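Written out below as structure tokens is the structure these notes cover.
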């Protein structure tokens with residue numbers, strides 16, 4: 632308001648003076664300097680409003696994910712027991728690059744967007760490794776119409792070649808080589824066991840969140856299937872089959 636009154640007074644004095652005298656007052660100068668202050672305030676207000684709107688959108692998008700995890704982990708019916716051990720705190724996929732069997736570099740982050748059922752073993756793939764690969768395939772197929780929401784992944788922990796006779800059975804699997812030390816910094820076995828003895832579950836956001844017991848048999852596989860079905864059901868509001876399209 633003070634800027635407006637000063638401008639009015641300047642215009643009045645300029646009207647009463649001869650043309651040469653009025654030119655020294657520069658009456659428009661006060662008007663020009665008064666406007667940016669108001670503009671800056673409006674811009675700052677709009678910026679704050681934009682940030683709050685962006686935060687609101689983020690919270691709305693995250694709400695289904697938070698709700699599904701809250702339902703699964705907190706509001707569980709009495710008497711329910713998971714076969715798999717829940718990992719707390721969860722461990723996210725490391726920012727590393729693995730190698731496909733054809734030598735192609737594959738960022739681990741590219742695995743996000745799907746539930747993963749993961750096994751770990753050397754390339755030679757002994758009897759225990761082959762049993763895990765079989766169980767992974769069978770568990771995925773047993774999910775029926777939901778199977779496209781789960782990928783089965785074999786992380787090869789050494790440079791040994793994969794036996795040629797296994798390749799036909801691995802057509803629907805994701806097989807990647809990873810440094811053994813890097814794997815141990817992400818996944819971990821139960822006390823008294825080795826990394827290759829378990830199957831591991833990773834959620835679509837890239838978090839390792841469950842570990843199935845070692846030496847899984849047919850009865851254990853049936854229990855593992857129930858765990859997977861619960862996870863898929865709890866995440867059905869926000870997780871779709873297939874990975875999101877890249878921009």
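Residue numbers (our numbering): 632 to 878.
Even for Gly, the Cβ is constructed at its ideal location relative to N, Cα and C.
No experiment lies behind these values; they were computed from the predicted model shown.
- It is roughly 21 Å from the alpha-carbon of residue 723 to the alpha-carbon of residue 822.
- With distances taken between CA atoms, residue 718 lies nearest to 831 out of 750, 831, 782.
- For residue 802 and residue 785, the gap between their C-alpha atoms comes out near 12 Å.
- In the pairwise beta carbon analysis, the region 793-813 is classified as not touching the region 859-867: fewer than three pairs are separated by under 8 Å.
- In the structure shown, the three-state DSSP call for residue 719 is strand.
- If you draw a 10 Å sphere on the C-beta of residue 767, you find 16 or more other C-beta atoms in it, and that means buried.
- Close CB contacts of residue 875 within its chain, under the 7 Å cut and outside five residues either way in sequence, are with 744 (chain order).
- Excluding residues up to 5 positions away in sequence, 714, 715, 716, 821, 829, 851 lie with their Cβ nearer than 8 Å to the Cβ of residue 844 in the same chain.
- Here DSSP, grouped into helix, strand and coil, assigns residue 801 to helix.
- Taking C-beta separations shorter than 6 Å and ignoring five residues to either side along the sequence, the partners of residue 752 in its chain run 760, 827, following chain order.
- Under the three-state reduction of DSSP, residue 738 is assigned to strand.
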